[in-house]
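Residue numbers (UniProt numbering), protein chains in the order written: chain A, 1 to 213; chain B, 1 to 213; chain C, 1 to 213; chain D, 1 to 213.
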C-alpha cells in the first residue's frame, strides 16, 4: 500500500506553511504495510495539480492525501468536494505565487461541476475526535489553489478510472503562526503531525477494505 | 418571461424567516415583461424540493430563484453550486422542521456530485454592489434544506433538459432579527426587498439574452 | 437643553466614516427643547479629546454624545467605560492619522484607571431595540482614539465637577462600506441616523430628569 | 515569595474547565524561591471573590494570579482592567451556577469604576510569544464571574494598601473541548500548563524587582 502526501509552500504574507513541515514529519512515520511518499506543491493555479498528477503517474500510489493550510479555521477539516472553478473573487484579489488572479474560470471545460473526495472523511473525523483532536467535515475547499488541486486530482482519477482514493485535508494555522498573530485560531504542529498519521492509517485501512491491494 | 421565486417558512428557534416576507413583497413588484409567481416551501428535507419542482411543472417558469436565510452572513450571497448530499453533521444535530437529521445521505444516487447554479451570479453581485448593497458569491450552500432545494431543482432541469435558469440566493438575518439577537449581522428587510427586485431583473434580462423567449 | 454630538474623520484605509455623516444629519434634527451642536474630531491621540473639551467649554452643553466607528460590530453599542490608557498594541501597530502608536501609555497620570459613561446606556439599548434596531452595551471602547476621547471627556467632567451627562456610542460600518467589503457587518446610514435621533432624545430626557435644566 | 493561583469549576453547559486542571498542574511546578498555593473558586457572583480573598488572608501571598476560561478566544489573554459591575446582559441571561443573573449591579458602591491589573501583562505577553504561545492583552474581562473576581481582589488590595501584585489571565478552550465542539478555537492543556509556569515565573520575578521580598 502506497500513500502519497502533498503539502504546499508558503503563500501570501505568511512565511510558514504548516503542511510543508507535515511532509518532513510524514517521511519519518513508521506504519506497517504503508509506504509513504511526499511532494511539495507550488502555490500556482494549475501547476499545483500538474505536479501532483505527474508524481502520481510516477509513484503509482493507492491513496493520495493532499494537505493545505486554511488559516482561520479551528479544526482539521477533510474536504467533501472539489469544484470545477478557479476564482480569486471580485473584491480584493488574492493572487497565487505567480500573481495570477483568475475569476470564475473553469478548471476543465469538459468535466463535471463538482467531484466528491473519496477519502473516508467521516471516519477520519471520528478517529481524530477520539484522540481529542478537533475535526469537522468542510463543504467548501474554496476556489483557490487547494480546491484546484483537489478537483484536478479527482478528475484525473475519474478520467482514467483509477483505483485510487483521493481527497484533501485542510489544516488550521500552527500555534507558532498564532504566536505572531494571536487572533488566529491554531493547533500545534505536533498535534497536526499526530493527526496526519491517524489520517494516513485510516485512509490506508479504508482503501484496503474497499479495493484490496 | 415568467420568474418563480421561492422562500422558506421559519425554522429552528427563529420565529421569523425574512425570505417569507420577501415573497409577499415580490408579488407586488411591477416589472416590465416579467410575470412573478411565488411559493413558500417547508423546511423539510426532500419535501422542500418536491414542492418547488411541482410548482415548476405547473407554472412553467423561465427562471427559478430560490431564496433562503443564512443567519450569520453579512451580505446577500448567490450560491455557486448545489451538492448531492443531505447532512446535518456529526456533532449537534440540526433537525429540519419534521425532526429529520440525515447524515451524509445522497440526494439522488444516479446524479452528479455537484451542479452549478445557472443564474448570472457575478452580474447579480455587481448590480447589488452598484446599489451599495453588500453582495458576494458563496461557494457553499451548506448541506441542509437550502442546498437540498438548490441541488434538486438543478438536477430536475438537467434530467429534463429544460431551458430554465435556476439558482439560489442566501439572505442574511433581517435587522429585526438582529434587534433580538444583536450579535447577528443583518440587512434591513427593505434593503433585501430592493435587492430581490434587482436580482429578478438581472436574471430575467440574462435569461432573455441567453435563451430568448 | 443643549446636546453636543461629536464624530470622527475617516481613518486607516477607510475613506468613509459614518459618524461624520451622522453629524450632518444631526444638525437637521428638529427636537423639542433640544438644541444640537456638533463637532468633527481628528483621529489623533489626545488632540481628539482636546478639541472636544474646548468645544464643551465654548458651547456649555448639558449632554455630550461622542460617536465613533467600530467596523466589525453588528449593533449600535453604547460604551460602558473609558479606561486610562492609550495603546495600539504590541503586534501590528495601528497608527492614528498622525502616525502615532503609543503603547500602554496612561492618558492622565493622576486620574482613575476607569470612568463609567453617564449616559443612560441600558435605556438607549431598550429604545433602539423597541424600534427594531440592533443594540447592545459594550464593555470595551478599545484603547485607541475612541476610548481616549471617552476617558478624557469623563475625566474633565469629573475634575471640574460639571453637571454634564457624557458617553460614547460606537456605530457599525455603514451598508455602503459593506458593499465594498462584503464581509463587514453593517447597518444602513439611515438606520444609524434614526438611532442617533432616539439616542439624543433618550439622553436629553434622562438628563432633564436627573439634573433638571 | 508566595504565589496564589485560582481557577474555576465548570460552568454553563461545559463539563470541563481547563483552569481547574491548571491548578493540579501548578501544584506540581518546581520553581526556585517560589511557593505555590492554589484555590478552586465557585462560579457564583461575589462568592467567587469572597473565597479568594479569604484564602489571601490565610495564605498571605505576594502575587495573586486568578485564571479563568474564555471559550472562543484564540490566545492566552492577561486582562488589563477589572470594572465595578456585575451584569449578565439584557438579552439571553447567562446565569451563574446558583442561577443569579444580575443586571448592571455595582460590585462595591464606594469604590472606583475600574482598577488596573498589577501583573506585568506586557512582559507576560512577550515571554509567551517568545515560546511560540499565542498571547495578547485583553481590555475587557467581561461583566461575569471572572471580572467580578478580578475587580474585587484588586479593590481589596487597594483598600488595605497591600504589597500584592494581582491580576487575571483568561485561557482559551482546551483542545479537548474543541474536539467536542470543533468550531471553538483552542490550545492544548499542556501548552496552557507550560504558559502558566512562565506566567508565574514572570510575575514572581517582576514582583521581586518592584517590592523585594
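Idealized CB from N, CA, C, for every residue including glycine.
Requested in this report: On the DSSP bridge assignment, give the partners of residue 38/C in chain order.
Outcome: Counted from its first residue, the third chain places residue 38/C at position 38. Per DSSP, the beta-bridge partners of residue 38/C are 5/C.
Query raised in the report: Skipping 5 residues on each side, what residues in its chain have a beta carbon closer than 6 Å to that of residue 129/D?
Result: As a first step, residue 129/D must be located in the fourth chain, where it is residue number 129. Excluding sequence neighbours, residue 129/D sits near 135.
Query raised in the report: Is it the case that the Cβ atoms of residue 187/D and residue 158/D are separated by a distance below 8 Å?
Result: Stepping through the fourth chain from its first residue, residue 187/D is reached at position 187. Stepping through the fourth chain from its first residue, residue 158/D is reached at position 158. Cβ atoms of residue 187/D and residue 158/D: not closer than 8 Å.
Report task. Measuring only between beta-carbons, confirm whether residue 112/A sits less than 8 Å from chain B. Result -> The residue given as residue 112/A occupies position 112 in the first chain. Closer than 8 Å to some Cβ of chain B, the Cβ of residue 112/A qualifies, so yes.
**Report entry** For residue 126/D, the nearest candidate out of 182/A, 132/A, 148/A (CA to CA)
**Finding:** To locate residue 126/D, count along the fourth chain from 1; it is residue 126. The candidate whose alpha carbon is nearest that of residue 126/D is 182/A.
**Report entry** Reduced DSSP category for residue 119/C - H, G, I as helix; E, B as strand; rest coil
**Finding:** Working through the third chain from its first residue, we reach residue 119/C at position 119. Assigned with DSSP and collapsed to three states, residue 119/C falls in coil, not helix or strand.
Query raised in the report: Does the stretch 187-205 of chain B come close enough to the stretch 20-29 of chain B to have 3 or more Cβ pairs within less than 8 Å?
Result: yes
Query raised in the report: Cβ of residue 129/D less than 8 Å from any chain A Cβ?
Result: Translated into positions along the fourth chain, residue 129/D becomes position 129. By this cut-off, residue 129/D is an interface position.
Query raised in the report: Can you list, in chain order, the residues of its chain whose CB lies under 7 Å from that of residue 201/B, leaving out five sequence neighbours each side?
Result: Counting from one through the second chain, the residue named residue 201/B turns up at place 201. So the qualifying residues of the chain are 31.
**Report entry** Separation of residue 77/A from residue 28/A, as counted between CA atoms
**Finding:** Along the first chain, read from residue 1 onward, the residue named residue 28/A stands at position 28. Along the first chain, read from residue 1 onward, the residue named residue 77/A stands at position 77. Rounded to the nearest angstrom, the gap between the Cα atoms of residue 28/A and residue 77/A is 23 Å.
Query raised in the report: Among the residues of its own chain, which have a CB less than 8 Å from the CB of residue 44/A, if the five just before and after it don't count?
Result: In the first chain, counting from the first residue as 1, residue 44/A sits at position 44. Setting aside the 5 residues that flank it on each side, residue 44/A is surrounded in the same chain by 96, 97, 98, 100, 145, each with a C-beta closer than 8 Å to its C-beta; the list follows chain order.
Query raised in the report: Leaving out five residues before and five after residue 80/C in sequence, what residues of the same chain have Cβ atoms less than 7 Å from its Cβ?
Result: For the purposes of this step, residue 80/C is taken as the residue at position 80 of the third chain. Excluding sequence neighbours, residue 80/C sits near 116, 117, 121, 137, 138, 139.
Query raised in the report: Is residue 165/C buried or exposed, if buried means 16 or more other CB atoms sit within 10 Å of its CB?
Result: For this step, residue 165/C is matched to residue 165 along the third chain. Buried.
Report task. List the residues of chain A whose Cβ lies closer than 8 Å to the Cβ of residue 133/D, in chain order. Result -> By 1-based counting over the fourth chain, the position of residue 133/D is 133. Those are 175, 179, listed as they occur along chain A.
Query raised in the report: With respect to the alpha helix (DSSP H) encompassing residue 71/B, which residues constitute its N-terminal and C-terminal limits?
Result: Your numbering for residue 71/B matches position 71 in the second chain. Segment: none, residue 71/B is in no alpha helix (DSSP H) and carries neither H nor E.
**Report entry** Cβ neighbours of residue 198/C in the same chain (closer than 7 Å, five flanking residues each side left out)
**Finding:** If you number the third chain from 1, residue 198/C lands on position 198. Within the same chain, residue 198/C has close Cβ partners 127, 128, 131.
Report task. Identify the contact partners of residue 136/B in chain C, using a Cβ-Cβ distance below 8 Å as the criterion. Result -> For this step, residue 136/B is matched to residue 136 along the second chain. By Cβ distance, chain C contributes 182, 183.
Query raised in the report: What residues are listed by DSSP as bridge partners for residue 187/D?
Result: Taking the fourth chain and counting its residues from 1, the one referred to as residue 187/D is at position 187. DSSP output for residue 187/D lists 174/D as bridge partner(s).
Query raised in the report: What whole-angstrom Cβ distance do residue 184/D and residue 72/D have, given they're in contact under 8 Å?
Result: Within the fourth chain, numbered from 1, the residue matching residue 184/D stands at position 184. Within the fourth chain, numbered from 1, the residue matching residue 72/D stands at position 72. The beta-carbon separation of residue 184/D and residue 72/D, rounded to 7 Å, stays under the 8 Å limit for a contact.
Report task. Return no unless some Cβ of chain A is closer than 8 Å to the Cβ of residue 120/D. Result -> The residue you call residue 120/D lines up with position 120 of the fourth chain. Chain A, which has no Cβ nearer than 8 Å to the Cβ of residue 120/D, makes this no.
**Report entry** Sequence-distant residues of the same chain with beta carbon closer than 8 Å to residue 94/D, five excluded per side
**Finding:** Working through the fourth chain from its first residue, we reach residue 94/D at position 94. For residue 94/D, where only same-chain residues beyond five positions count, the Cβ hits under 8 Å are 12, 88, 101, 144.
Query raised in the report: Where residue 61/A and residue 174/A are concerned, what is the direct C-alpha to C-alpha distance, given to the nearest angstrom?
Result: Counting from one through the first chain, the residue named residue 61/A turns up at place 61. Counting from one through the first chain, the residue named residue 174/A turns up at place 174. C-alpha separation (whole angstroms): 28 Å.
Report task. Output, in sequence order along the chain, the residues in the stretch 191-206 of chain C whose CB is closer than 7 Å to any CB in chain B. Result -> Hits within the stretch, in order: 191.
**Report entry** residue 104/A vs residue 83/A beta-carbon contact at 8 Å
**Finding:** For this step, residue 104/A is matched to residue 104 along the first chain. For this step, residue 83/A is matched to residue 83 along the first chain. Not a contact, by the Cβ cut-off of 8 Å.
Query raised in the report: Is residue 164/B helix, strand or coil by DSSP?
Result: Taking the first residue of the second chain as position 1, residue 164/B is located at position 164. Secondary structure of residue 164/B (DSSP, three-state): coil.
Report task. Check whether the Cβ atoms of residue 5/A and residue 36/A sit closer than 8 Å, and answer yes or no. Result -> As a working note, residue 5/A is residue 5 in the first chain. As a working note, residue 36/A is residue 36 in the first chain. Yes. Within cutoff.
Query raised in the report: Going by Cα to Cα distance, which pick from 48/C, 38/C, 42/C, 26/C is closest to residue 148/C?
Result: As a working mapping, residue 148/C is identified with position 148 in the third chain. Out of 48/C, 38/C, 42/C, 26/C, 48/C has the C-alpha closest to the C-alpha of residue 148/C.
Report task. Can you give me the start and stop residues for the alpha helix (DSSP H) that residue 53/A sits inside? Result -> As a position in the first chain, residue 53/A is number 53, starting the count at 1. Its alpha helix (DSSP H) spans residues 47-59.
Requested in this report: Give the straight-line distance between the Cα atoms of residue 141/A and residue 106/A, rounded to the nearest whole angstrom.
Outcome: Along the first chain, one-based indexing puts residue 141/A at 141. Along the first chain, one-based indexing puts residue 106/A at 106. A straight-line Cα-Cα distance of about 15 Å links residue 141/A and residue 106/A.
**Report entry** Candidates 70/A, 207/A, 46/A, of which the one nearest residue 156/A by Cα
**Finding:** For the purposes of this step, residue 156/A is taken as residue 156 along the first chain, with counting starting at 1. Ranking 70/A, 207/A, 46/A by Cα distance to residue 156/A puts 46/A first.
Query - Sheet register partners of residue 86/C (DSSP bridge) - result: Locating residue 86/C in the third chain gives position 86, counting from the first residue. In the DSSP assignment, residue 86/C forms a beta bridge with 105/C.
Query raised in the report: For residue 189/D, is the classification buried or exposed, using 16 other Cβ atoms within 10 angstroms of its Cβ as the cut-off for buried?
Result: Looking up residue 189/D in the fourth chain gives position 189. The residue in question, residue 189/D, is buried, as its Cβ has 16 or more Cβ neighbours within 10 Å.
Report task. Kindly indicate if chain B contains any beta-carbon less than 8 Å away from that of residue 187/C. Result -> Taking the third chain and counting its residues from 1, one reaches residue 187/C at position 187. Residue 187/C counts as touching chain B.
Query - Straight-line gap, residue 69/C to residue 34/D (C-alpha atoms, nearest Å) - result: Position 69 of the third chain, counting from 1, holds the residue named residue 69/C. Position 34 of the fourth chain, counting from 1, holds the residue named residue 34/D. Taking the straight line from one Cα to the other gives about 46 Å.
Query - Extent of the continuous alpha helix (DSSP H) to which residue 18/B belongs - result: One-based indexing of the second chain puts residue 18/B at position 18. Residue 18/B -> alpha helix (DSSP H) spans 18-28.
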